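J.: My numbering numbers the first residue of the sequence shown as 6 and each following residue consecutively.
From the three backbone atoms N, C-alpha and C, an ideal C-beta is built for every residue, glycine too.
Predicted model only: the values in this text are computed from it and were never measured.
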Amino acid sequence: MQPGFHQPTWGANIPKMQTVKERGQKWVKPHGKLSLEECYGVQQADIPFHPRSRLNIWGNYRLILKAEFLFFYIPTVIVAGIVIPCFVTIYTLEECVYTTMTVKVVGRQWYWVYEVESPTDDCDEE
């Protein structure tokens, strides 16, 4: 039976702390830096490193770049092409436009009511 958490020897493989008393305080000295093989049992040669140029080995690298372009940049341009005109129309609605005639349309249950307000032509006749 292997020692586990509930057994008295569970911490038998933990190294003892190296303490140093200095300037009236107790300090813990670190152990040396462990390699991956010592810490996890993984050899350094087993860790994969794949630079981008290694994609030439596994397949058509130019096709992969074209697919990356198609699936990222083209939808981005499409969304920007939709969003920019929407924002332009939203902000142009806030500008005051001086008109000579105003038409007010009210929808009732069975009919429409139109009210046309136009300035009088009294000023133009002088």
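So, under 8 Å CB-CB, V33 and Q48 are touching, yes? Tell me the CB distance rounded to an integer number of Å.
T.: The pair is not a contact, with the Cβ atoms about 30 Å apart (cut-off 8 Å).
J.: What alpha helix (DSSP H) runs, 4 residues minimum, are completely inside the stretch 76-130?
T.: Taken in chain order, the unbroken stretches of alpha helix (DSSP H) that lie wholly in the stretch 76-130 and span 4 residues or more are 79-97.
J.: Mapping the DSSP letters down to three states, classify K38 as helix, strand or coil.
T.: K38 falls in the coil class under three-state DSSP.
J.: Is DSSP giving K21 helix, strand or coil here?
T.: coil
J.: Report the partner residues of K71 according to the DSSP bridge assignment.
T.: In the DSSP output, where bridge partners are listed per residue, K71 has none listed.
J.: Just confirm the distance between the C-beta atoms of V102 and V121, as a whole number of angstroms; I'd bet it's less than 8 Å.
T.: With a Cβ gap of about 17 Å, V102 and V121 do not count as contacting.
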